[in-house]
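Take a look at the structure below.
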Amino acid sequence: MKAVWRVLLILTVVASAGAAAYYYFVMRQKKPQVELYFDDGSMLAFPGSAPEAGEFMNLAQDILDKSPVASV
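Under the numbering used here, the first residue of the sequence shown is numbered 3, with each subsequent residue one higher.
Have a look at this one:
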């Protein structure tokens, strides 16, 4: 019975470490996207690579390039 608990403990630790690593390396990355908010409270979101988002991404990049606060 102790062996079963030990195996379950090891599996839990390995699964937790794997989930933490997945979150840290994959889910935490900021992916560019365009979010449009409308007056009626609705929102439309496009991934940054979508053709519809291209014009907005270019405009946002121009604004960030000219901003003294955002420059690194």
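Glycine residues also receive a C-beta, built at the ideal position from the N, C-alpha and C atoms.
| field | Between the CA atoms of Trp7 and Gln63 - distance to the nearest angstrom | value | Position 61 of the sequence shown, counted from the first residue, corresponds to residue 63. Position 5 of the sequence shown, counted from the first residue, corresponds to residue 7. Each residue's alpha carbon lies about 54 Å from the other.
| query | Just curious, the beta strand (DSSP E) that Tyr39 is in, first and last residue? | reply | Walking along the sequence shown from the start, residue 39 turns up at place 37. Looking at the DSSP string, the run of the beta strand (DSSP E) that includes Tyr39 is 35 to 39.
| query | With a Cβ-Cβ cutoff of 8 Å, do Gln35 and Phe48 count as a contact? | reply | Counting from one through the sequence shown, the residue named residue 35 turns up at place 33. Counting from one through the sequence shown, the residue named residue 48 turns up at place 46. Taking 8 Å as the cut-off, the Cβ atoms of Gln35 and Phe48 count as close.
| message | Our contact map puts Lys33 next to Gly50 with C-beta atoms below 8 Å; I'd like the distance itself, whole angstroms only. | response | Looking up residue 33 in the sequence shown gives position 31. Looking up residue 50 in the sequence shown gives position 48. Indeed, because the Cβ distance is near 7 Å, the residues count as touching under 8 Å.
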